[in-house]
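J.: Below you'll find the structure I mean.
Number of protein chains: 2
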Amino acid sequence: MEKTVPVLRAILSSNDRAARQVRQGLRAHGLLSINLMSSPGAGKTSFILACAAGLRPLRTGVIEGDVAGRVDADLIAAHGFPVVQINTGGSCHLEASEVGEALLELPLAELDVLWVENVGNLICPVSYDLGTDLRVVLASVPEGHDKPGKYPAIFGVCDAVVISKIDLADLLEFDRAAFVEGVRVVAPEVPIFEVSSKTGQGLSEWLDWLRTRRGAGATAPGAGE
Amino acid sequence: MEKTVPVLRAILSSNDRAARQVRQGLRAHGLLSINLMSSPGAGKTSFILACAAGLRPLRTGVIEGDVAGRVDADLIAAHGFPVVQINTGGSCHLEASEVGEALLELPLAELDVLWVENVGNLICPVSYDLGTDLRVVLASVPEGHDKPGKYPAIFGVCDAVVISKIDLADLLEFDRAAFVEGVRVVAPEVPIFEVSSKTGQGLSEWLDWLRTRRGAGATAPGAGE
Numbered sequence: 001m002e003k004t005v006p007v008l009r010a011i012l013s014s015n016d017r018a019a020r021q022v023r024q025g026l027r028a029h030g031l032l033s034i035n036l037m038s039s040p041g042a043g044k045t046s047f048i049l050a051c052a053a054g055l056r057p058l059r060t061g062v063i064e065g066d067v068a069g070r071v072d073a074d075l076i077a078a079h080g081f082p083v084v085q086i087n088t089g090g091s092c093h094l095e096a097s098e099v100g101e102a103l104l105e106l107p108l109a110e111l112d113v114l115w116v117e118n119v120g121n122l123i124c125p126v127s128y129d130l131g132t133d134l135r136v137v138l139a140s141v142p143e144g145h146d147k148p149g150k151y152p153a154i155f156g157v158c159d160a161v162v163i164s165k166i167d168l169a170d171l172l173e174f175d176r177a178a179f180v181e182g183v184r185v186v187a188p189e190v191p192i193f194e195v196s197s198k199t200g201q202g203l204s205e206w207l208d209w210l211r212t213r214r215g216a217g218a219t220a221p222g223a224g225e
Numbered sequence: 226m227e228k229t230v231p232v233l234r235a236i237l238s239s240n241d242r243a244a245r246q247v248r249q250g251l252r253a254h255g256l257l258s259i260n261l262m263s264s265p266g267a268g269k270t271s272f273i274l275a276c277a278a279g280l281r282p283l284r285t286g287v288i289e290g291d292v293a294g295r296v297d298a299d300l301i302a303a304h305g306f307p308v309v310q311i312n313t314g315g316s317c318h319l320e321a322s323e324v325g326e327a328l329l330e331l332p333l334a335e336l337d338v339l340w341v342e343n344v345g346n347l348i349c350p351v352s353y354d355l356g357t358d359l360r361v362v363l364a365s366v367p368e369g370h371d372k373p374g375k376y377p378a379i380f381g382v383c384d385a386v387v388i389s390k391i392d393l394a395d396l397l398e399f400d401r402a403a404f405v406e407g408v409r410v411v412a413p414e415v416p417i418f419e420v421s422s423k424t425g426q427g428l429s430e431w432l433d434w435l436r437t438r439r440g441a442g443a444t445a446p447g448a449g450e
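Sequences listed follow chains D and U, in order. Read in order, the letters of the first sequence are residues 1 to 225 in our numbering. Read in order, the letters of the second sequence are residues 226 to 450 in our numbering.
What follows is the structure in structure tokens.
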């Protein structure tokens, strides 16, 4: 007696396939990984450094994505953290295959937390899963409170929103309520934090939340694959 | 006797064809047109409003590009300037065909200056000629002085660089020399201005230069076609 065996095959893009590989590799090492996305100049590198210091004794590694240059990677390295620079050479986002290559250069067994600092761009990185546990958007006060309404997709897909440079909120008349309202349109539940990497304001609340995400990767895209 | 007649045909992308049409249309109306590009939140709309006021009696019109929303267009309209909003619906840049459509909604015969406010993005808009006379990059002080090194292409193609929010330079320890040095690597000659749309600082120098560009469109890409 013959039986028809249904064969199901997910049609994955090449980026999604690479992201799945990255995710498996990172999970095998028990790493908490974060794809950090923002506009240019929102303070991603300063934020990563502040988090890396605050998370000790957890050990941090970084993958730096930039169109060109390596100033951020040099800064991270100067602070003693393992770092790999990816230069996209004109491309507007990181792809999972680039992250996968960068992982080969990092001492994964000696790390607990991995940051992937994306290219500064609020639009294109949304479409590329990098295989991390979390996607976090950093939105800086000087950019203004209207950014969620103008760039809704990135706020809709992320696992947390962090408002950076909060020490400038009063000076620049940043309207927190309007910002939060804009986020809530696309992300009714996403946690929103306020931090200043310069003064340390708000970092402990954010890091408390981040610590709870270790081992909680099951909510991430592609979980359980 | 037969002769071989060489047939030369420029291979233009569909965007370049649309840009050529836009350029012809704008020139026919004697407009000075500017494609204004920047990161999200660099202050493009405030800058346009400050310029529009400073350029009177020249008459200003605006095309607003955003992924979503129309807050900037509403603000421009509230100040009495003709404006058309383009929502790219997820796309990371404006294209010339979108500008061409928007032109149909503007009273071109009653305008002297047309601003096209691009989507907030330092990378993707570089590749799309919109048919304007000028391409101007607005780089805000809070983004930091390292942006030219990280996003060199946009600084390399533009006709002028304007540093915005210059009133924050001292507070945020903005390193002007490092910024200018970064620009000079890719654009040895491009004029660099410093302005504050809030205090008015530097606007008159910038507007003096801009006024000299009226009728000087022959240096723009595609000129003479």
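Positions of the beta carbon are idealized from the N, C-alpha and C atoms, including for glycine.
Please report whether the beta-carbon of ILE48 of chain D lies at a distance below 8 angstroms from any beta-carbon of chain U.
T.: no
J.: In chain U, which residues lie less than 7 angstroms from PRO90 of chain D when you measure between Cβ atoms?
T.: Note that residue 90 of chain D is Gly in the sequence shown, not Pro. Near GLY90 of chain D (Cβ distances below 7 angstroms), the residues of chain U are ALA378.
J.: So what's THR60 of chain D in DSSP terms, helix, strand or just coil?
T.: strand
J.: Please list the partners that GLU143 of chain D has in chain U, where partner means a Cβ-to-Cβ separation under 7 angstroms.
T.: PRO265 and GLY266
J.: Check whether the Cβ atoms of VAL67 of chain D and ASN35 of chain D lie closer than 8 angstroms to each other.
T.: No, the pair does not count as a contact, with Cβ atoms beyond the cut-off.
J.: Check the Cβ of CYS124 of chain D against every Cβ in chain U and list those closer than 9 angstroms, keeping chain order.
T.: Neighbours of CYS124 of chain D across chain U, judged by C-beta separation under 9 angstroms: CYS317, ASN346, ILE348 and CYS349.
J.: Can you list the residues of chain D that ALA293 of chain U reaches, using a CB-CB cut of under 8 angstroms?
T.: GLY149, LYS150, TYR151 and PRO152
J.: Please go through the region 156-189 of chain D and give each complete beta strand (DSSP E) segment of 3 or more residues, from N-terminal end onward.
T.: 160-164
J.: Keeping to the same chain, check which residues put their C-beta closer than 6 angstroms to that of ALA178 of chain D; ignore five residues upstream and five downstream.
T.: HIS145
J.: What residue ranges within the region 290-334 of chain U form continuous beta strand (DSSP E) runs of no fewer than 3 residues, ordered along the chain?
T.: Runs found: 308-312.
J.: Excluding the five sequence neighbours on either side, which residues of its own chain have a C-beta within less than 8 angstroms of the C-beta of PRO40 of chain D, listed in chain order?
T.: GLY120 and ASN121
J.: If the cut-off is 9 angstroms on Cβ atoms, which residues from the region 159-173 of chain D count as contacting chain U, listed in chain order?
T.: Within the region 159-173 of chain D, the qualifying residues are LYS165, LEU168, LEU171 and LEU172.
J.: Looking only at C-alpha atoms, which of D:LEU58, D:PHE81 and D:GLN85 sits nearest to VAL71 of chain D?
T.: D:GLN85
J.: Which residue comes first and which comes last in the alpha helix (DSSP H) that contains ILE192 of chain D?
T.: Premise fails: ILE192 of chain D lies in the beta strand (DSSP E), 192-194, not in any alpha helix (DSSP H).
J.: Compare the Cα-Cα distances from LEU351 of chain U to each of U:TYR376, U:SER322 and U:GLY315 and report the closest residue.
T.: Leu is not the amino acid found at residue 351 of chain U; the sequence shown has Val there. Relative to VAL351 of chain U, the option among U:TYR376, U:SER322 and U:GLY315 whose CA is nearest is U:TYR376.
J.: Looking only at its chain, what residues have a beta carbon closer than 8 angstroms to the beta carbon of GLU323 of chain U, apart from the 5 residues adjacent to it on each side?
T.: GLY290, ILE311 and THR313
J.: Quick one: does SER140 of chain D have its CB under 8 angstroms from some CB of chain U?
T.: SER140 of chain D has a beta carbon lying within less than 8 angstroms of a beta carbon in chain U.
J.: Can you check whether the C-beta of LYS129 of chain D is within less than 8 angstroms of a C-beta belonging to chain U?
T.: Before going further, note that residue 129 of chain D is Asp rather than Lys in the sequence given. By this cut-off, ASP129 of chain D is not an interface position.
J.: Measuring CB to CB, does ALA52 of chain D end up less than 8 angstroms from THR60 of chain D?
T.: yes
J.: Beta-carbon separation of GLY90 of chain D and ALA378 of chain U under 8 angstroms?
T.: yes
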